[in-house]
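Chains as they are written, first to last, in numbering that gives the first Met the number 0: chain A, 0 to 382; chain B, 0 to 153.
Structure record follows, encoded as structure tokens.
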Amino acid sequence: MPGRSGASHEMTDILRSERAAEELAAEHGVGDPFAAAIRAARMAMIVTDAHQPDNPIIFANDAFLALTGYHRDEVIGRNCRFLQGPGTDPAAIETLRRAVADGEDVTIDILNYRKDGTTFWNALNLSPVRGESGRIDYFFGSQLNVSDKKRVEFELGDARDRLEAAVEARTADLTQALQQKTALLHEVDHRVKNNLQLISSLLLLQNRRVTDPAVKNSLRGMLERVSAIATVHRRLFQSDDVERFDVSAFVRDLVGDMVGTARRDDIKVQLDLERVDIAASKAAPLALVISELFSNALRHAFPPEAMAGRNGEIFVGIARGEDEFRIEITDNGVGLESSASSGGFGLTIVQLLCQQLKARSETMPADPGTRVVVHLPINGGHH
Amino acid sequence: MGERPLDVLIVEDEVLLATELEFLVEEVGFHSVGLAMSSDEAVALACDLHPDLALVDVHLRDGPTGVDVARTIQNDCGGVALFMTANVKRLPDDFAGACGVIGKPYSEYGVKTALTYLTVCLREGLAPGPPPLGLELSPAYAERWGLNAQPHAV
Chain A
0 MPGRSGASHE
10 MTDILRSERA
20 AEELAAEHGV
30 GDPFAAAIRA
40 ARMAMIVTDA
50 HQPDNPIIFA
60 NDAFLALTGY
70 HRDEVIGRNC
80 RFLQGPGTDP
90 AAIETLRRAV
100 ADGEDVTIDI
110 LNYRKDGTTF
120 WNALNLSPVR
130 GESGRIDYFF
140 GSQLNVSDKK
150 RVEFELGDAR
160 DRLEAAVEAR
170 TADLTQALQQ
180 KTALLHEVDH
190 RVKNNLQLIS
200 SLLLLQNRRV
210 TDPAVKNSLR
220 GMLERVSAIA
230 TVHRRLFQSD
240 DVERFDVSAF
250 VRDLVGDMVG
260 TARRDDIKVQ
270 LDLERVDIAA
280 SKAAPLALVI
290 SELFSNALRH
300 AFPPEAMAGR
310 NGEIFVGIAR
320 GEDEFRIEIT
330 DNGVGLESSA
340 SSGGFGLTIV
350 QLLCQQLKAR
360 SETMPADPGT
370 RVVVHLPING
380 GHH
Chain B
0 MGERPLDVLI
10 VEDEVLLATE
20 LEFLVEEVGF
30 HSVGLAMSSD
40 EAVALACDLH
50 PDLALVDVHL
60 RDGPTGVDVA
70 RTIQNDCGGV
80 ALFMTANVKR
90 LPDDFAGACG
100 VIGKPYSEYG
110 VKTALTYLTV
120 CLREGLAPGP
130 PPLGLELSPA
140 YAERWGLNAQ
150 PHAV
């Protein structure tokens with residue numbers, strides 16, 4: 000081998016002979032602290048000869064023999080694939096083969112077999128050793144038993160897989176529960192709406208039968224109240240947030256419907272509505288209060304015989320104060336004293352519901368007409 | 000208007016709702032040709048009587064078959080369907096070919112306004128303006144009736 004140093008030249012010549020390898024390596028070590036260190040190292044190490052067919056082992060230290068359970072005679076002269084077995088990952092073997100073929104370093108964890116058939120995880124490092132010409136003369140391999148580390152890795156992997164499976168199963172459960180809940184909500188919403196429609200239809204049907212004006216008036220009043228609740232439910236499920244209720248949107252719907260139903264083109268409605276959200280649980284009582292007050296103005300403030308060609312006006316305002324919502328309904332009609340307000344039941348409803356809402360209502364003359372203001376505490380507090 | 004009243008078919012399995020609705024449509028000037036409570040009845044009556052408008056609930060006696068009824072009336076019977084349902088959110092995006100939807104619970108005034116509006120649309124082939132509160136038109140019919148660029152009232 001041209002260009003080699005004397006020492007390695009000499010070593011090559013001798014080590015090529017399989018049988019002589021051990022003896023000569025021992026001899027060689029007498030004056031060579033590096034070889035002595037390798038022989039005595041606790042880490043398993045081998046050297047293979049890249050020039051011989053099938054790259055056989057020409058040197059193995061004691062740690063290698065201890066690790067694999069083979070005698071030195073059974074190792075020298077063989078390719079180190081005898082360490083592989085049925086459980087060895089073919090992909091790892093292919094990685095090794097390719098690294099050797101390409102003359103590259105490789106570090107890989109591979110499952111190896113001892114002579115007695117037991118397995119161990121080998122953290123293998125294999126590096127080509129190049130001579131001065133750049134050709135690969137040897138491969139140097141070091142083996143470390145990492146079975147313990149591997150076992151922990153596998154256990155961790157198993158634990159992680161189990162955890163992931165558990166999380167997945169739980170997520171599936173929750174998703175299903177949510178779907179069921181949503182379906183149920185839709186079903187209940189659907190039933191509530193249909194039943195409200197049914198109640199309205201019943202009242203309308205009966206109203207068609209009766210002739211007594213007082214009974215007709217009562218039925219109309221009840222129909223209005225049911226409609227107010229129906230309007231709440233239409234609005235309540237229109238938004239994605241079923242917990243909050245937009246009062247101003249509701250008032251716009253309600254007022255349009257009531258004015259249309261009353262067929263009073265001579266009454267104009269003016270709205271000044273700040274967007275105000277309340278808890279859904281307060282929506283129906285507040286809706287009834289507003290409906291009752293607006294209906295009162297619509298039905299009683301402007302008796303047709305008192306209009307004399309002029310237009311009436313009802314103002315509805317909603318404003319957010321510091322700690323209360325202020326709902327105002329003002330008409331410029333005939334005023335409380337002269338109105339034929341049925342008073343009774345409608346006002347009782349307003350009083351009772353204001354109690355329930357912890358709200359306060361004030362009625363005052365508006366010159367002309369009447370002003371009613373409802374103060375609704377924002378956080379359900381007392382006045 | 001001196002024209003003949005438009006024929007309407009009511010497809011609704013709740014008989015009290017249907018009866019009251021029949022009064023309402025007649026008050027607005029439609030002529031009610033009948034009441035169907037199941038999908039089979041609805042399709043048979045629609046293809047037999049050719050109503051100008053069919054008011055269709057989604058839930059009928061034989062289940063949530065109203066969507067298919069609307070599609071069949073539209074495609075095979077040459078009529079126009081209008082949904083009247085509490086399940087507005089569950090309608091397909093194309094409204095199954097129907098011209099629109101009135102959400103339940105509707106008010107007497109809301110239905111009358113919507114039907115009066117639809118009378119003009121059906122007779123003139125053109126909407127007199129944006130649809131009234133409570134009526135939502137399908138995208139296809141909004142375009143057909145000249146409302147393509149205008150957002151409808153919610």
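The beta-carbon is built from N, C-alpha and C at its ideal position, and this holds for glycine as well.
With burial defined as no fewer than 16 other Cβ atoms inside 10 Å of the residue's Cβ, what is the status of residue i: buried or exposed?
{"i": "V275(A)", "result": "buried"}
{"i": "E123(B)", "result": "exposed"}
{"i": "A69(B)", "result": "buried"}
{"i": "T369(A)", "result": "buried"}
{"i": "Q179(A)", "result": "exposed"}
{"i": "H158(B)", "result": "No information on residue 158(B) is available, as it lies outside the stretch 0 to 153 that chain B covers here."}
{"i": "I289(A)", "result": "buried"}
{"i": "Q142(A)", "result": "buried"}
{"i": "M363(A)", "result": "exposed"}
{"i": "S132(A)", "result": "exposed"}
{"i": "N74(B)", "result": "exposed"}
{"i": "Q175(A)", "result": "exposed"}
{"i": "V349(A)", "result": "buried"}
{"i": "A305(A)", "result": "exposed"}
{"i": "F153(A)", "result": "exposed"}
{"i": "R224(A)", "result": "buried"}
{"i": "T84(B)", "result": "buried"}
{"i": "F236(A)", "result": "buried"}
{"i": "D211(A)", "result": "exposed"}
{"i": "G345(A)", "result": "buried"}
{"i": "D322(A)", "result": "exposed"}
{"i": "T117(A)", "result": "exposed"}
Under a three-way DSSP split, which group does residue i fall into?
{"i": "P303(A)", "result": "helix"}
{"i": "I243(A)", "result": "The question names Ile, but residue 243(A) in the sequence shown is Arg. Of the three classes helix, strand and coil, the one that applies to R243(A) here is strand, per DSSP."}
{"i": "T230(A)", "result": "helix"}
{"i": "S31(B)", "result": "strand"}
{"i": "D39(B)", "result": "helix"}
{"i": "S217(A)", "result": "helix"}
{"i": "E137(B)", "result": "In the sequence on display, residue 137(B) carries Ser and not Glu. S137(B) falls in the coil class under three-state DSSP."}
{"i": "P212(A)", "result": "helix"}
{"i": "E13(B)", "result": "coil"}
{"i": "V371(A)", "result": "strand"}
{"i": "P32(A)", "result": "helix"}
{"i": "V333(A)", "result": "coil"}
{"i": "H8(A)", "result": "Caution is warranted here: a pLDDT of 48 is assigned to H8(A), below 50, making its placement in the model unreliable, and no coordinate value can be reported."}
{"i": "S38(A)", "result": "It should be pointed out that residue 38(A) corresponds to Arg in this sequence rather than to Ser. Helix."}
{"i": "E361(A)", "result": "strand"}
{"i": "T235(A)", "result": "Position check: residue 235(A) holds Leu in this sequence, whereas Thr was assumed. It is helical."}
{"i": "L356(A)", "result": "helix"}
{"i": "L8(B)", "result": "strand"}
Is any beta-carbon of chain C found at less than 9 Å from that of residue i?
{"i": "H189(A)", "result": "Included in the structure are the protein chains A and B, with no chain C among them."}
Review point. Where are the beta strand (DSSP E) runs, 3 residues long or more, that stay fully inside the stretch 113-197 of chain A, in chain order?
Key: 118-129, 135-144
**Study point:** Start-end ranges of the beta strand (DSSP E) lying completely within the stretch 40-125 of chain A, minimum 3 residues
**Key:** 43-48, 56-59, 105-112
Practice item. Let me know the beta strand (DSSP E) ranges lying completely inside the stretch 252-329 of chain A, each 3 residues or longer, listed in chain order. Key: Listed in chain order, they are 266-272, 276-278, 311-319.
Practice item. Identify every run of the alpha helix (DSSP H) within the stretch 43-129 of chain B, keeping only runs that are complete inside it and at least 4 residues long; order them along the chain. Key: 65-75, 107-123
Review point. Taking contact to mean at least 3 C-beta pairs separated by less than 8 Å, is the stretch 369-379 of chain A in contact with the stretch 318-330 of chain A?
Key: Yes, they touch.
Check your understanding: Is the stretch 73-92 of chain B close to the stretch 46-57 of chain B, with three or more CB pairs under 8 Å?
Key -> Pairwise C-beta distances place the stretch 73-92 of chain B in contact with the stretch 46-57 of chain B, as three or more of them are shorter than 8 Å.
Review point. When Cβ atoms are compared, which residues of the stretch 273-287 of chain A fall closer than 9 Å to chain B?
Key: none
Point to revise | Residues of the stretch 89-114 of chain B whose Cβ lies closer than 8 Å to any Cβ of chain A, in chain order | key: R89, G102, K103, P104, Y105, S106, E107, Y108, G109, T112
Check your understanding: Are at least three pairs of beta-carbons, each pair with one atom in the stretch 225-244 of chain A and one in the stretch 276-285 of chain A, less than 8 Å apart?
Key -> yes
Exercise for review: Could you tell me whether the stretch 116-136 of chain B touches the stretch 267-274 of chain A, using the rule of 3 or more Cβ pairs below 8 Å?
Suggested key: With fewer than three CB-CB distances shorter than 8 Å, the stretch 116-136 of chain B does not count as touching the stretch 267-274 of chain A.
Check your understanding: For the stretch 167-191 of chain A, which residues have a CB atom closer than 9 Å to at least one CB atom of chain B, in sequence order?
Key -> Within the stretch 167-191 of chain A, the residues whose Cβ lies closer than 9 Å to some Cβ of chain B are H185, D188, H189, R190, V191, listed in chain order.
Check your understanding: Going along the stretch 15-47 of chain B in order, which residues come within less than 7 Å of chain A, judged by CB to CB distance?
Key -> L15, L16, T18, E19, F22
Check your understanding: Three or more C-beta pairs closer than 8 Å, one from the stretch 241-260 of chain A and one from the stretch 90-109 of chain B: is that the case here?
Key -> yes
Review point. Does the stretch 120-130 of chain A touch the stretch 156-170 of chain A, meaning 3 or more C-beta pairs lie closer than 8 Å?
Key: By the Cβ test, the stretch 156-170 of chain A is not in contact with the stretch 120-130 of chain A, since fewer than three Cβ pairs between them sit closer than 8 Å.
Review point. Using a beta-carbon distance cut-off of less than 7 Å, what residues from the stretch 71-85 of chain B approach chain A?
Key: Listed in chain order, the positions of the stretch 71-85 of chain B with a beta carbon within less than 7 Å of a beta carbon of chain A are A85.
Review point. Got a sec: which bits of the stretch 129-150 of chain B sit with their beta carbon under 7 Å from any beta carbon on chain A, in order along the chain?
Key: From the stretch 129-150 of chain B, only L132 have a Cβ closer than 7 Å to chain A.
Review point. According to a CB-to-CB cut-off of less than 7 Å, which residues of the stretch 250-265 of chain A neighbour chain B?
Key: D252, G255, D256, G259, T260
**Study point:** Cβ pair count under 8 Å reaching 3, the stretch 193-205 of chain A against the stretch 2-16 of chain B
**Key:** yes
Check your understanding: Touching or not, the stretch 59-66 of chain A and the stretch 83-91 of chain A, by the rule of three or more beta carbon pairs under 8 Å?
Key -> no
Exercise for review: Closer than 9 Å, Cβ to Cβ, to anything on chain B: give me those residues from the stretch 286-315 of chain A, in chain order.
Suggested key: Answer in chain order: no residues at all.
Check your understanding: Using a beta-carbon distance cut-off of less than 7 Å, what residues from the stretch 199-211 of chain A approach chain B?
Key -> S199, S200, L201, L203, L204, R207
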